[in-house]
Amino acid sequence: MKRTKINLLLKLETTPGKVLVKGWVRTKRDSKKFSFMEINDGSCLKNIQVIANDDLENYPDIQTITTGTSVSVTGKLSASPGKGQKWEIQADQIEIINIAPESYPLQKKRHTDEFLRTIAHLRPRTNKYGAAFRLRSEMAFAIHKFYREKGFRYLTTPLITGSDCEGAGEMFRVTSLDPKMIEQQGKMDFKTDFFGRESSLTVSGQLSAEMFALALGDVYTFGPTFRAENSNTSRHAAEFWMLEPEMAFCDLKQNMDNAEELVKTLVRHAMDECPEDMALFSNFVDKSLPKRMDILLNTEFARVSYTQAIDILKHSKKTFDFKVDYGTDLQSEHERYLAEQYFKKPVFLTDYPKQIKPFYMRMNEDGKTVAAVDLLVPRIGELIGGSQREERLEVLEKRMKEMGLPMENYWWYLDSRKFGSVPHSGFGMGFERFLMMLTGISNIRDVIPFPRTPGSIDF
76 MKRTKINLLL
86 KLETTPGKVL
96 VKGWVRTKRD
106 SKKFSFMEIN
116 DGSCLKNIQV
126 IANDDLENYP
136 DIQTITTGTS
146 VSVTGKLSAS
156 PGKGQKWEIQ
166 ADQIEIINIA
176 PESYPLQKKR
186 HTDEFLRTIA
196 HLRPRTNKYG
206 AAFRLRSEMA
216 FAIHKFYREK
226 GFRYLTTPLI
236 TGSDCEGAGE
246 MFRVTSLDPK
256 MIEQQGKMDF
266 KTDFFGRESS
276 LTVSGQLSAE
286 MFALALGDVY
296 TFGPTFRAEN
306 SNTSRHAAEF
316 WMLEPEMAFC
326 DLKQNMDNAE
336 ELVKTLVRHA
346 MDECPEDMAL
356 FSNFVDKSLP
366 KRMDILLNTE
376 FARVSYTQAI
386 DILKHSKKTF
396 DFKVDYGTDL
406 QSEHERYLAE
416 QYFKKPVFLT
426 DYPKQIKPFY
436 MRMNEDGKTV
446 AAVDLLVPRI
456 GELIGGSQRE
466 ERLEVLEKRM
476 KEMGLPMENY
486 WWYLDSRKFG
496 SVPHSGFGMG
506 FERFLMMLTG
516 ISNIRDVIPF
526 PRTPGSIDF
């Protein structure tokens with residue numbers, strides 16, 4: 076008999092009769108005459124109740140079933156007299172696939188996030204994390220759907236790179252050199268390395284995406300990126316996913332339009348397609364989520380310059396841990412004040428001083444600022460960072476020289492400004508930060524299946 080997933084069974088209006096489900100026992104109650112079991116197969120938040128009567132041939136074995144045990148159940152799908160459940164299964168046959176021992180760590184109680192991080196291989200079996208990772212899957216699909224419907228082409232950019240997109244230098248080195256030989260020589264001779272020069276894991280696929288935008292028009296890349304920043308904050312991980320669209324013949328305003336439409340579309344998709352999982356986060360993680368989702372969907376995002384933002388912060392009469400000064404990057408507390416307390420909604424900040432932004436951002440006419448944009452959202456701070464790219468070869472070369480970048484490593488990037496250059500723009504959205512905004516989960520480690528952080532590479 077073909078297995079049916081529980082999410083499909085629960086949507087049925089009439090019973091098909093006999094069904095087969097397979098899953099894991101969440102809870103179980105026994106009596107001499109029958110046993111009640113709640114079975115979950117991961118397809119949805121809800122369990123389905125199974126009733127096993129004592130006339131089943133292996134009823135003594137069924138009574139030994141523990142929480143976490145995997146089972147296969149065949150029986151009639153019947154209307155349930157129980158409150159809050161539409162269907163239940165009157166079991167004809169229960170096969171025990173694997174008995175979970177009493178040491179199974181996920182019992183019927185609430186576990187702390189800190190504890191669950193130590194068993195990241197098991198935490199998807201809990202309601203909260205099952206919902207989080209179903210939502211993550213659905214949001215990845217929604218991203219591809221959004222850009223496909225807009226005529227964008229999906230691009231897979233290299234994970235190994237010879238260039239530093241952000242100029243921060245906090246990159247993981249990739250090498251095939253023998254550590255013993257390096258120790259003997261007292262240095263790393265990259266000329267003898269696999270690629271013949273220093274190479275690293277990428278912090279962004281943007282530079283590669285620009286090349287394809289200048290050929291295919293509108294493209295996006297969506298995949299893992301890496302940063303060797305020794306930070307143990309709730310907002311940083313060493314491996315994380317970035318969505319990076321790149322659009323030819325696009326200015327900064329159109330860039331912001333695309334970003335705002337993207338965020339609204341993804342939130343709407345989550346509300347429409349994942350109502351049960353979203354309700355879990357609203358009820359048990361962050362009760363202010365419904366109000367924030369309403370603001371995201373139904374208000375126009377604010378747009379102000381960096382200069383205006385600095386002025387707002389200086390006149391806020393609020394004491395910040397980090398001083399507010401023109402020419403310095405905003406800290407998370409500044410970003411959250413603007414989004415949560417001043418504008419009370421998402422806000423785009425534009426036109427940052429050139430000295431705090433990367434080389435590829437288009438120089439504004441004032442010669443002091445660049446056409447950069449960050450989207451700040453309540454509770455998270457920066458969600459999106461982007462810019463109009465510098466398409467003028469001579470301006471780009473001057474900027475790179477000012478920043479001391481090895482221009483020979485970027486010869487291919489400069490070529491794109493020689494051969495049919497056009498105005499173009501793009502941005503990067505941290506996928507995990509988006510999921511934190513959507514779920515109310517406050518730590519990035521809890522929206523990544525297996526987080527990579529300093530000193531931690533288990534699982």
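Each residue of the sequence shown is one higher than the last, beginning at 76 in our numbering. Even for Gly, the Cβ is constructed at its ideal location relative to N, Cα and C. Computed from a predicted structure; not experimentally measured.
Expected contact under 8 Å - CB spacing of residue i and residue j to nearest Å
i    : j    : result
G503 : G456 : With 8 Å as the limit, G503 and G456 do not qualify as a contact, their Cβ atoms being about 15 Å apart.
V379 : P421 : The pair is not a contact, with the Cβ atoms about 12 Å apart (cut-off 8 Å).
T296 : E319 : 5 Å
H409 : A217 : Going by Cβ atoms, the distance from H409 to A217 rounds to 30 Å, so no, they are not a contact pair.
K183 : T139 : With 8 Å as the limit, K183 and T139 do not qualify as a contact, their Cβ atoms being about 17 Å apart.
D326 : P433 : About 18 Å; that fails the 8 Å criterion.
M512 : L458 : 6 Å
D129 : F109 : 6 Å
Residue i and residue j closer than 9 Å at C-beta
i    : j    : result
H196 : F525 : yes
L364 : F221 : no
R211 : G117 : no
R310 : S407 : yes
F395 : Y412 : yes
T514 : R520 : no
D264 : S251 : no
V94  : L131 : no
N23  : T144 : Because residue 23 is not part of the residues shown, which for the chain are 76 to 534, the question remains open.
A207 : D347 : no
G501 : E321 : yes
R367 : R454 : yes
F247 : L291 : no
L372 : V342 : yes
N518 : L355 : no
V445 : N439 : yes
D293 : F227 : yes
M482 : E466 : no
E375 : E415 : no
According to DSSP, residues forming a beta bridge with residue i
i    : result
N128 : F109
R248 : S275
N115 : W99
N173 : S145
S531 : T528
Y295 : Y229, P320
S380 : T425
R198 : Partner(s): none; R198 has no beta bridge.
M438 : V445
A166 : G150
Selected residue, minimal CA-CA separation from residue i, among the options
i    : options                : result
I532 : E410, T193, T144       : T193
R541 : L181, M214, A215, D188 : Outside the displayed span of the chain (76 to 534) sits residue 541, for which this structure offers no information.
E507 : I370, T444, T394, A313 : A313
E163 : N122, L234, G479       : N122
L234 : S500, S279, L341, D426 : S279
S283 : G237, Q259, F247       : G237
G402 : D352, D386, E189, E415 : D386
D469 : Y488, L458, R454       : Note that residue 469 corresponds to Glu in the displayed sequence, not to Asp. For E469, the nearest C-alpha among the options comes from Y488.
K429 : N307, K443, M475       : K443
I137 : G157, V100, Y435, G159 : V100
F423 : P498, V342, N333       : N333
K80  : L120, M112, K107, K108 : L120
K158 : V342, Q124, F190       : Q124
A323 : K77, G98, R492         : R492
E113 : K107, S106, I126       : I126
E477 : F287, S357, Y435       : Y435
T382 : K398, T374, T425, L84  : T425
Counted within 10 angstroms of its Cβ, other Cβ atoms place residue i as buried (16 or more) or exposed
i    : result
W537 : With the chain represented from 76 up to 534, any question about residue 537 goes unanswered, as that position is not in the structure.
I431 : exposed
Y229 : exposed
H390 : exposed
E170 : exposed
Q56  : Residue 56 lies beyond the stretch modelled for the chain, which goes from 76 to 534, so this question has no answer here.
G261 : exposed
L289 : buried
L87  : exposed
N330 : buried
T89  : exposed
I516 : buried
L405 : buried
F534 : exposed
C259 : Contrary to the premise, residue 259 reads as Gln rather than Cys in this sequence. Its Cβ having fewer than 16 others within 10 Å, Q259 is exposed.
M214 : buried
L83  : exposed
A154 : exposed
T232 : buried
Any C-beta of chain B under 9 Å from that of residue i
i    : result
I126 : The chain inventory of the structure shown lacks chain B, comprising one protein chain alone.
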